[in-house]
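Numbering (the numbering used here), first residue to last: 288 to 457.
No residue lacks a Cβ here, since even glycine has one placed at the ideal position from N, Cα and C.
Note that this is a predicted model, so its numbers are computed, not measured.
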């Protein structure tokens, strides 16, 4: 085979600065900014976490592609690039990674799992609290949430026991 003018002969990746391409759903886009801290976990090295920093957030949405079927879903996502701060020999181009972007910090915050949050007939958020053997529905207010937890703003205490299902379904 004879190469023609302008044809690439080889590709040499620059591993001095590793980048991770990920996607953020449109609902979380307002939370993500360039310069925010991120944690990068490689599938090849479970339990190892690398520090990262968001370097770009796309301006244009695209349709999310289902990894199993390869077809577009109805969800819109934005491309985000995270630079890995560490220089570690375990970082190699092409490895699969999981990225967590730290948008807000709530030290010593009271949180509940989203599975414990329900809505009353007026669409107000409630949790079911077990106290002294009795269960009561308690209206709560949240300051923030992610895909797993809600940060409680008021009407719940640290020692309150919340149920993960309505009392009648137990």
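Are residue i and residue j close, meaning C-beta to C-beta below 9 angstroms?
{"i": "residue 364", "j": "residue 307", "result": "no"}
{"i": "residue 359", "j": "residue 367", "result": "no"}
{"i": "residue 416", "j": "residue 443", "result": "yes"}
{"i": "residue 413", "j": "residue 426", "result": "yes"}
{"i": "residue 450", "j": "residue 384", "result": "no"}
{"i": "residue 371", "j": "residue 339", "result": "yes"}
{"i": "residue 369", "j": "residue 327", "result": "yes"}
In chain order, what residues of the same chain lie with their CB nearer than 7 angstroms to the CB of residue i, ignoring the 5 residues before and after it?
{"i": "residue 388", "result": "319, 323, 325 and 341"}
{"i": "residue 430", "result": "438 and 440"}
{"i": "residue 390", "result": "318, 319 and 323"}
Within its chain, find whatever has a CB closer than 8 angstroms to the CB of residue i; leave out the 5 residues flanking it on each side and keep chain order.
{"i": "residue 262", "result": "Beyond the ends of the chain as shown, which are 288 and 457, falls residue 262; an answer cannot be given."}
{"i": "residue 436", "result": "398, 399, 400 and 401"}
{"i": "residue 347", "result": "365"}
Buried or exposed, going by whether 16 or more other CB atoms sit within 10 Å of the CB of residue i?
{"i": "residue 378", "result": "buried"}
{"i": "residue 321", "result": "exposed"}
{"i": "residue 291", "result": "exposed"}
{"i": "residue 355", "result": "exposed"}
{"i": "residue 297", "result": "exposed"}
{"i": "residue 289", "result": "exposed"}
Rounded to whole angstroms, how far is the Cβ of residue i from the Cβ of residue j, which I believe are closer than 8 angstroms?
{"i": "residue 301", "j": "residue 382", "result": "In fact, because the Cβ distance is near 16 angstroms, the residues do not count as touching under 8 angstroms."}
{"i": "residue 362", "j": "residue 337", "result": "That pair is no contact at about 27 angstroms."}
For residue i, I'd like the list of residues in its chain whose CB is within less than 6 angstroms of its CB, leaving aside the five on either flank, ordered along the chain.
{"i": "residue 345", "result": "365 and 366"}
Quick one: is residue i near chain C, going by C-beta distance under 9 angstroms?
{"i": "residue 418", "result": "Among the chains of the structure shown, chain C does not appear; only one protein chain is present."}
Which whole runs of the beta strand (DSSP E) in the segment 324-371 are 3 residues long or more, in chain order? 324-329, 336-344, 349-352 and 359-371
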